[in-house]
Amino acid sequence: MLIELERGREDSLALIRGLAARLGNRLDVSQGAGIYDTIYVVGDPRGFAEHEAFVTSLPGVRRFLRAASGYSNVARVVHGQDGESHRRERRVVEVRGLDGLVRRFGGGAHVFVVGPDSPQTLEQTLAIARAVRTIAERFGIVERMVLRGGAFKPRTRPTDWRGLGMKGVAMLDAAREETGLPYVTEVMDHSLVPEIGAHADMLQIGARNAQNFDLLEAVGRFGKPVVLKRGFGNEVEEWFYAAEYVANQGNLDVVLCERGVKTLFSKGGYCRNQPDLNAITYARKQTILPIIFDPSHVAGDHRIVPENLMASVAHAADGSITEVIHEEAFRRVQLCDAAQAVLTERYAAVVEAVLAYEATVAPIMRRLQGEPEG
Ligand code: PEP
Ligand code: MN
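When we follow this note's numbering, the leftmost residue of the sequence shown carries the number 857, and every step to the right adds one.
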């Protein structure tokens, strides 16, 4: 739900604030078009919606708009009483590094999330983080770089290595300390959200937990930015509703991540998961949330990760999340997702390709796609 209110109508704003506080909603006020501010009502919409008549009667209120879809908080399209449709601004999700720079997902430039599948040794974690920082500096994109690494690993087989847990988180902390880059790490259990969340700059909900509703609500309450992967068996609408679970708790800082789905054809060794690239465009049409792409879990093979990443760039993804390795020798001892890790040297060329695309092809594509910000 959103309300358009004439700027400077402090009395009306105070009454709307009071109502929201009483109903457990949070307001997000941003400067709208002309003389109007836009007030987003964040959280469970049901109680607030009943007060439409009161809100519209307040001086300065121009319009009271409701989401056109069931995922009220994250919907892109809203409509008013006149039935007219309006598109909300896309949301920018911000993550600040220790270096003081703010990474902006959905801010118009590709954000590069990159790191090991999992921190396995301190040496490996730091070597990758340093290499990533060097690449970021070389291309002048430090404010677009974020580290990744899963310390708590969801594994298919119970006997497989499942990550270092909080020891792995400490390695990511060390990498951040040394490079200034913020990091995202996976949380699998709602009871661990406060403990992991106290360290991480951003929390990841993995594909296997995409509909773990207790977990979604826990990261929603916690309030730090979230990367929400699409479940590999989920329809896009189920994924948007998963984001709505987070937003319903007052946290709108959700970055959607397409990571491929399982199909009849994702067997046979040539493709780990089927990339659903069209989902990127659809998510942008249907939700206000930034959307990134995971070329690593789609490919399952480091030799075809760059192509997959570039395909998502053509679909105007707001960023990517990629698994890398610092030296070829480590591949033999890497305990999870070794085959899909791109050497950091090769990753540097991928960054170069994305930047070249942004400079030359992206403006033409925007014209073709017909929408300035997609
Ligand atoms: C990962 O990011 O390492 C991971 C486990 O991803 P997904 O949940 O998409 O399989
Ligand atoms: Mn992985």
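Virtual Cβ for every residue (Gly too), placed ideally from N, Cα, C. Please read these numbers as outputs of a predicted model, since none were measured by experiment.
Residue i (DSSP reduced to helix, strand or coil)
i	result
GLN1225	helix
THR977	coil
GLU1214	helix
MET1058	strand
GLY1230	Confidence at GLY1230 is low in this model, with a pLDDT of 41, below 50, so its placement is unreliable and the value that follows should be read with caution. Coil.
ARG882	strand
ILE1181	strand
GLU1033	helix
ASP1157	coil
LEU875	helix
GLY916	coil
GLY1175	strand
GLU940	coil
GLU1114	strand
ASP867	helix
LYS1085	strand
GLU1094	helix
ARG986	helix
ASP1193	coil
VAL1102	helix
ALA923	strand
ALA931	strand
GLU950	strand
MET1022	helix
MET855	Beyond the ends of the chain as shown, which are 857 and 1230, falls residue 855; an answer cannot be given.
ILE1144	coil
Beta-carbon proximity check, residue i vs residue j, cutoff 8 Å
i	j	result
GLU1179	PHE995	no
ASP1174	VAL970	no
PRO915	ARG865	yes
TYR896	LEU858	yes
ALA1007	VAL1025	yes
VAL1092	TYR1138	yes
PRO975	GLY1005	yes
ALA1155	GLN1190	no
VAL1002	ASP955	no
TYR1101	GLY1076	yes
THR894	GLU860	yes
LEU1028	ASP884	no
HIS1158	ILE1136	no
GLN1142	SER925	yes
GLY880	ASP900	yes
HIS1046	LEU1071	yes
ARG943	ARG952	no
ILE938	CYS1192	For clarity, residue 938 is Asp in the given sequence; the question names Ile instead. Cβ atoms of ASP938 and CYS1192: not closer than 8 Å.
PRO1081	VAL949	yes
VAL1169	TYR1213	yes
ARG1000	ALA1031	no
GLN887	HIS1182	no
ASN1104	ASN929	yes
ALA876	PHE910	no
Anticipated Cβ contact below 8 Å, residue i with residue j, distance rounded
i	j	result
ALA1099	LEU1145	6 Å
PHE1078	VAL1117	Not a contact, Cβ separation roughly 28 Å.
VAL934	ARG922	6 Å
GLY1106	VAL898	5 Å
GLY936	ARG919	5 Å
PHE1069	ASN1129	The pair is not a contact, with the Cβ atoms about 23 Å apart (cut-off 8 Å).
ILE991	ALA1204	5 Å
ARG1064	PRO1010	5 Å
ILE1177	VAL1083	7 Å
Residue i: CB within 7 Å of a non-hydrogen atom of the ligand MN
i	result
ASP1029	no
HIS942	no
GLU1179	yes
ASP973	yes
ASP1193	yes
HIS1153	yes
Cβ of residue i within 8 Å of any chain C Cβ
i	result
SER1122	Checking the listed chains, one finds no chain C in this structure; it contains a single protein chain.
Proximity test, residue i beta-carbon vs the ligand PEP heavy atom, cut-off 7 Å
i	result
LYS1085	yes
ARG1018	no
PRO1010	yes
ALA1063	yes
ARG1115	yes
GLY1006	yes
GLU1042	yes
ASP1150	yes
Proximity test, residue i beta-carbon vs the ligand SAH heavy atom, cut-off 7 Å
i	result
ARG863	Ligands in the displayed structure: the ligand PEP and the ligand MN; the ligand SAH is not one of them.
Report yes or no: do the segment 1035 to 1043 and the segment 1059 to 1067 share at least 3 C-beta pairs separated by less than 8 Å?
When C-beta atoms of the segment 1035 to 1043 are compared with those of the segment 1059 to 1067, three or more pairs fall below 8 Å, so the two segments count as touching.
Are the segment 977 to 996 and the segment 1197 to 1215 touching, with three or more C-beta to C-beta distances below 8 Å?
Touching, yes, given that three or more Cβ pairs across the two stretches are closer than 8 Å.
Whether or not the segment 1149 to 1165 and the segment 1104 to 1115 are in contact is what I'm after, with contact meaning three or more pairs of Cβ atoms, one per stretch, closer than 8 Å; do they touch?
As far as the Cβ criterion goes, the segment 1104 to 1115 touches the segment 1149 to 1165, which means the pair count is three or higher.
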